[in-house]
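Before any comments, here is the structure.
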Amino acid sequence: MLATIPRLDVRSFLLGVGGLLGTAAVRAWMRTLDYRVYYYDPAIDPAFCGSTGQRIYVFWHEYILFPLYLRGHCNLTMLVSRHRDAEILSRVARHLGFQFVRGSTQRGGTAALRALLRKSRQTNLAITPDGPRGPRRRMAPGAVYLASRLGLPLVAMGFGYERPWRVRRAWDQFAIPRPYSRARAVVSPDLYVPSGLDRRGLEHFRQRIEALQNRLCDEAEAWAASGGRRMGERLVLPGPGQEPPAALGDPTHLERRGIA
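Position in the sequence shown (from 1) plus 12 gives the number in my numbering.
See the structure below:
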């Protein structure tokens, strides 16, 4: 008697192939860029030796390729939408060295928040707080709630590319960097949110951190566009276990930039 041949799950197969191709494309494309970063405190980078403790990293959805390429295998759990559009993204994230939780802090939020609470005991969290459907560059309260509930610091990250292509029909105007162009990041120090915030307190800190993240993003975009040198800038390399690179000059303190 002939053995029964399992029915091929075509959709799963295509998603698997798409994930592998997407991973190869991200690696090949993103490795051509010239990366520089300005840290207000280099100790926050999970890729560096000596970085301790868990954090919640937040950045805008349109620049997700930037950390996806650079910070794989750095003990990060990324929140990825349950929407069909994010199926391949979740597979790419896994291939690049991220753990992930499916869901959002808005839709299906309870399950996603519980999963993130569990993951935070052992890993850092990475959240695009305007995802999965916007509004663009408007922070949902989920990341602030987690920081308040868990007692973990937030780290706001602003990214920018030199003259990127934009997916104009996408809600976030997704940014695609040009090969061999400049990529720049400006990264905050640890930002502590008081524990036990009520709704009014959450909204207060949500607005403050949203404004800060937009400021950092504007700063990174202007830096990438100008091509200028910045005192305190550092080279960025992909992967974990690095020693913090030497800064090219003395860093400007956060208080002098009017961000504290």
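Even for Gly, the Cβ is constructed at its ideal location relative to N, Cα and C.
Taking each of GLY146, THR140, THR35 and TYR75 in turn and checking the Cα distance to ARG106, the smallest one comes out for THR35.
Relative to SER193, the option among GLY65, TYR69 and ALA237 whose CA is nearest is ALA237. Here LEU137 is bridged, per DSSP, to ILE68 and THR89. The residue from THR122, ARG242, VAL156 and PRO250 with its alpha-carbon nearest to that of TYR51 is ARG242. Looking from the CA of GLN254, the closest CA among ARG39, TYR69 and ARG83 belongs to ARG83.
Listed in chain order, the non-local C-beta contacts of LYS131 below 8 Å within the same chain comprise THR89, GLN111, VAL113 and LEU137, local neighbours out to five positions each way being set aside. ARG48 sits away from LEU249, with the two beta carbons spaced by 8 Å or more. 8 Å or more divides the Cβ of THR140 from the Cβ of ASN87.
For TYR157, the enclosing alpha helix (DSSP H) has its first and last residue at 154 to 162. Rounded to the nearest angstrom, the Cβ distance from GLN225 to MET151 is 7 Å, consistent with a contact under 8 Å. Judged by DSSP in its simplified three-state form, ILE56 adopts helix. Per DSSP, PHE112 lies in no alpha helix (DSSP H) segment; the continuous beta strand (DSSP E) that holds it begins and ends at 111 to 114. Sequence-distant partners of ILE76 (beyond 5 residues in either direction) whose C-beta falls short of 7 Å from its own C-beta, in its chain, are THR140.
Per the coordinates, the alpha-carbon of TRP183 lies some 33 Å from the alpha-carbon of GLY208. The alpha-carbon of GLU233 is positioned some 7 Å away from that of PHE171.
With fewer than 16 other CB atoms across the displayed protein chains lying within 10 angstroms of its CB, PHE25 is exposed. Linking ARG218 to VAL22 through their CA atoms gives a straight-line distance of about 43 Å.
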